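Chains as they are written, first to last, in full-length UniProt numbering: chain X, 1 to 254; chain V, 1 to 850.
Comments concern the structure below.
If you want it as structure tokens, here you go:
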């Protein structure tokens, strides 16, 4: 069997943001609106202690691709829109999704409305695309900042033939590179890349090599070896979701 | 959220399946494709094309993934030995800069003749011809009136194609005024390394081999000169070495480091001397670099003078003089008192440095030196590297390997200068560099550098003369230089200003004509020289996508287009010079178009890297086409100790703790103005007198504003998402701003310590007004333990009142989103280097809840 997993080495991570931004360029996720971040990768930050003995760490967060995934359990359609693949990915099928948001409600790592951000520990791995609205409103807008002199989002789309204009186009039977309205969306471990022997884009893009991806069921894989070598933790272990995103080592050397 | 869908669901759970069957999605979706099928999975076809990112001054060789002529993703250049194929967050963020709806798409002119902060320029579109004709007419007028010096070119960010617009254009036209931005960045920092090591440049740092890394006044994983290289290596360094970070704010490096030394702003010199004092009294200096007492007996005792004759130096000069003048009394206890860093921590860090010698990086950033009195603290910090032998050495700071590219052909330039040009280019420059009170002694030469932030004084006072025409490119000085009020006044006074720009920025708002320009990295040609991990790199920029609108390359195409217009008007020198200088280096054919000139320039400058004629001491590149397809060249690794053995470029050829180099420079400057060095020191706002002026020492920080009225000190820093000042119109900037430790996304965050917040009655999330002697504005309070009590910190970048719909709160009304740090930081200079002073605590502020 295969169980894809990610290990995040916090000692190597510098919380720079490259993974989350790279994800946005790979998966063409929308800008935050209606409390939906559309950040398939994000961060939370924790400050401890007091000056001058202040501690601080950043935890990169993403869908945990749980082995015991409440989102899958909650999905009411048949066959399920949110389902586990044979290789352990929590997959989302756009077509079957009815936008009911039961998954978002069930997921302990998601919120139906994110009003703040990682600075206050808020994030949501599942986002919902509002019904009847463009998922890229920035690029459907027709206003010109200086009339006749600057362009508009809509004009850029018309001239480049893509929305967003920097859309990375890819194909996958379960999901599109830009998803429609009235469905949820989340990290799918870049299955369109994995299937072509490429790493999830956040892993490829991480400049500190802090994100390690592989098959947990393969004892020879880097992820398996790292988890054997280091103590690890997962987010909200008490929820019993059995996440497949693990964190090793301390962010800070203090 | 508008509709609570899950509430609806609870009532109609069963209906879900039905909805799926009846289909509420778009018709062309993938409904019938079987889940798990691998058919047609993956990325649509595209190509990775090489170019260079200029989001910060790392100048990363990158590749852009292009699908259907659109730029869609960014990564590091696969050949790079600096970034190993990865970019920092800025690299990805730049896509929103390229496809920004607020980019200007055609030439524009101002129709409101009144200029000012609150004047709407009333821009209207014009043709390229009208724009260029107007500019050429204004230029001809200056030549006709024999006052070409009243033309001023201002350069912001640049590539090395700058030669064309920055050197050839003004010099052949006849103006001395090519004013760069350089002193905005870190000239005071370079001052520190120059007047000790003889190196006027940023240093490279050998992180892989360091056993102690003392980071001072910067956060190398967020900004500075080798960001991806530092990101890649910091984690491993923490496992292998000790990392200490000196900064009043908790940076990422400080959060991860073994030691955080949150010093009082502007006390860097005292702290560095305190560390030096411990190293010397402990006998912890590096004998191989510094030498030793003749008899091996350590005479460095607190407060005790030492006889110079007792110590024999090796690679250094003036250690005992320095000790006697500035170090002997700066005990750890005294340094602690001044800097607020505990004595025991100073001792611990000093001993750690000594134990790791010589494999020590003392990583100096702008925060150590860009103070009103920061020249000497820059020297003091760099001198620590000298004490432990971490200079030009394994695991230490390094200079650079050579990049053998061609230089501008000065003979051709001179050939095309007429008498007017020859005469008027010798006139004094508008930034007044080199005057008594503004030595700007770059590389030892009085007036040898630039003092960007003094240009507005020259303009306002028409001293040495009036500036009648200003051309700015890739710059936004009225936003990026502290003392924005002064720039606003100066720019309002210039009768005719042209801005070569991508966006209608703050500088544009004072301009008469805007010309739309290519986005660096995606749409233009150029080349950059950079270094990291012991490798020097030459990396090119080339258009990886076709621009959507007709935009020009500022550095090359603008000079050519203007040259044609000037030729039509009877002044052909510029055109003749350009076509001769930038003939195709292979065929000799003169460029017929602006685009040809751009390409020829790139070909000319980089030719030695690919023409196979000489050993480049680096990558072998077989011909021009391979240069374009690889996009970059790596040198061989830099040879350690290249300057040991008496080869430093100082007066003594040694690493100078007592700077004969600075002594010579200051003396020459004093003589030029017929005064003594003490008078110079007085005029430039330093307190040192006598011999103290030639050694790294502590200067009490300058402060604008009384403690009673402005009780807090303002700390400026650079966001890791700043593409200098150019990424604030990108929505992703705000979404992820919280990756700066202590920051919150979507707002301009002012961080305060809980003690100060409580005293001021400010709660986390409150809107606050911040006021200094320079200006006032609004931010959102973040009460955080990561700032030193008594200081507040905010990242540079927000506070745009122009630039775009996202950057400004209301572009049409000119309302800022947040407050520009450079409005809060009062106008000030570090006068020895000519730098903008932005750190060191001269910006005293008060903060009030709104």
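For each residue, glycine too, the CB sits at the ideal point set by N, CA and C.
Nothing here was measured: the structure is a model prediction, and the numbers come from that model.
Is the Cβ of residue i closer than 8 Å to any Cβ of chain V?
i	result
residue 230 of chain X	no
residue 16 of chain X	yes
residue 149 of chain X	yes
residue 251 of chain X	yes
residue 200 of chain X	no
residue 11 of chain X	yes
Does chain X have any CB closer than 8 Å to the CB of residue i?
i	result
residue 243 of chain V	yes
residue 247 of chain V	no
residue 88 of chain V	yes
residue 785 of chain V	yes
residue 909 of chain V	Because chain V here runs from 1 to 850, residue 909 of chain V falls outside it and cannot be looked at.
residue 631 of chain V	no
residue 55 of chain V	no
residue 221 of chain V	yes
residue 519 of chain V	no
residue 37 of chain V	At residue 37 of chain V, the pLDDT of 47 sits below 50, so the modelled position is not reliable and the matter cannot be decided from this model.
Taking the continuous alpha helix (DSSP H) assigned at residue i, which residues delimit it?
i	result
residue 349 of chain V	343 to 356
residue 235 of chain V	227 to 240
residue 191 of chain X	191 to 194
residue 629 of chain V	624 to 630
residue 138 of chain V	128 to 144
residue 55 of chain X	Residue 55 of chain X -> not in any alpha helix (DSSP H); beta strand (DSSP E) instead, spanning 55 to 62.
residue 288 of chain V	287 to 290
residue 577 of chain V	573 to 581
Can you tell me which of the three DSSP states residue i falls into?
i	result
residue 265 of chain V	coil
residue 798 of chain V	strand
residue 405 of chain V	coil
residue 503 of chain V	strand
residue 330 of chain V	coil
residue 87 of chain V	coil
residue 171 of chain X	strand
residue 675 of chain V	coil
residue 22 of chain V	Legend: pLDDT at residue 22 of chain V = 35, less than 50; position of this residue unreliable, no value from coordinates given.
residue 640 of chain V	coil
residue 810 of chain V	strand
residue 190 of chain V	helix
residue 91 of chain X	strand
residue 369 of chain V	coil
residue 274 of chain V	helix
Name, please, each residue of chain X whose Cβ falls closer than 8 Å to the Cβ of residue i.
i	result
residue 658 of chain V	Neighbours of residue 658 of chain V on chain X: none; closest Cβ ~34 Å, over 8 Å.
residue 105 of chain V	149, 150 and 151
What does residue i touch in chain X if you count any residue whose Cβ is under 7 Å from its own?
i	result
residue 51 of chain V	Under the 7 Å cutoff, chain X gives no residues; its nearest Cβ is about 15 Å from residue 51 of chain V.
Whose Cβ in chain V lies nearer than 8 Å to the Cβ of residue i?
i	result
residue 196 of chain X	41, 42 and 43
residue 26 of chain X	73
Taking the beta strand (DSSP E) that residue i falls in, what are its first and last residues?
i	result
residue 685 of chain V	That residue, residue 685 of chain V, is in no beta strand (DSSP E); it is neither H nor E in DSSP.
residue 551 of chain V	Per DSSP, residue 551 of chain V belongs to no beta strand (DSSP E) and is neither H nor E.
residue 207 of chain X	First-last for residue 207 of chain X: undefined, no H or E at that position.
residue 617 of chain V	Careful: residue 617 of chain V lies outside any beta strand (DSSP E) and carries neither H nor E.
residue 151 of chain V	151 to 155
residue 528 of chain V	526 to 532
List, in order along the chain, the chain X residues whose C-beta lies closer than 9 Å to that of residue i?
i	result
residue 495 of chain V	The contacting residues do not exist; residue 495 of chain V stays about 22 Å from chain X at best.
residue 788 of chain V	51 and 52
residue 741 of chain V	15, 45, 47, 56 and 58
Quick one: which chain V residues come within Cβ less than 9 Å of residue i?
i	result
residue 166 of chain X	70, 71, 72, 73, 95, 96, 98 and 99
Which chain V residues sit within Cβ distance under 7 Å of residue i?
i	result
residue 146 of chain X	123 and 504
Report yes or no: do the stretch 516 to 523 of chain V and the stretch 549 to 556 of chain V share at least 3 C-beta pairs separated by less than 8 Å?
Yes: the two stretches touch, three or more of their Cβ pairs being nearer than 8 Å.
Cβ pair count under 8 Å reaching 3, the stretch 558 to 566 of chain V against the stretch 590 to 606 of chain V
Taking a contact to require three or more Cβ pairs closer than 8 Å, the stretch 558 to 566 of chain V and the stretch 590 to 606 of chain V qualify as touching.
Given 8 Å, three or more beta-carbon pairs between the stretch 162 to 175 of chain V and the stretch 349 to 360 of chain V
In short, these stretches do not touch, since the Cβ pair count stays below three.
For the 8 Å Cβ check, are there 3 or more pairs between the stretch 410 to 426 of chain V and the stretch 451 to 458 of chain V?
No, the stretch 410 to 426 of chain V is not in contact with the stretch 451 to 458 of chain V.
Give a yes or no on contact between the stretch 373 to 389 of chain V and the stretch 275 to 282 of chain V, applying the rule of three or more CB pairs nearer than 8 Å.
A contact exists between the stretch 373 to 389 of chain V and the stretch 275 to 282 of chain V.
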